[in-house]
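Notes to accompany the following structure.
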Amino acid sequence: MAVLTSTDADFSKIISDNSKVIVKYYADWCGNCKLISPKYRRLSEDERFQGIVFLDVNAEENEGARKVANVDNLPFFAVFHNGELVQGKAASKEEAVVNMLEGLK
């Protein structure tokens, strides 16, 4: 599955309409955000994580979505299950993202 881009306008609907969601919060100026993006895209296509929706949210342009996950650093990843925030953390290592995804399976 591809990584979807979300904004404040559709964020709540996507979170509530899908039981398993991981969100990557990023900013265009963030070097670590750029480095993790290809790995995040690759994980979105990994068979182990079928059924999980992968979202990208620009943290600078979408304050509402950022506040939902209490984003305090970038890149920041948040996991939602049945519309509820389960876990959120600043991470730039693929292993940290995989651990979060494993918790959703």
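The sequence shown begins at 138 in this note's numbering and counts up one residue at a time.
Quick reminder that beta carbons are idealized off the backbone N, C-alpha and C, glycines included.
Remember, predicted model here, so these are calculated numbers, not experimental data.
message: I need the boundaries of the beta strand (DSSP E) containing residue 197, first residue and last residue.
response: Premise fails: residue 197 is in no beta strand (DSSP E) and is neither H nor E.
task: Please state whether DSSP places residue 172 in a helix, a strand or coil.
output: helix
- prompt: Are three or more beta carbon pairs between the segment 187-203 and the segment 218-237 nearer than 8 angstroms?
  reply: no
query: Using 8 angstroms as the threshold, is the segment 147-156 in touch with the segment 208-216, meaning 3 or more CB pairs across them?
result: no
query: Which same chain residues, not among the five before or five after residue 238, have their C-beta less than 7 angstroms away from its C-beta?
result: 159, 180, 186, 189
- request: Taking residue 214 as part of the alpha helix (DSSP H), name the residues at either end of that continuous run.
  value: First-last for residue 214: 213-218, but that is the beta strand (DSSP E), not the alpha helix (DSSP H).
task: Go ahead and pull the three-state DSSP assignment for residue 225.
output: strand
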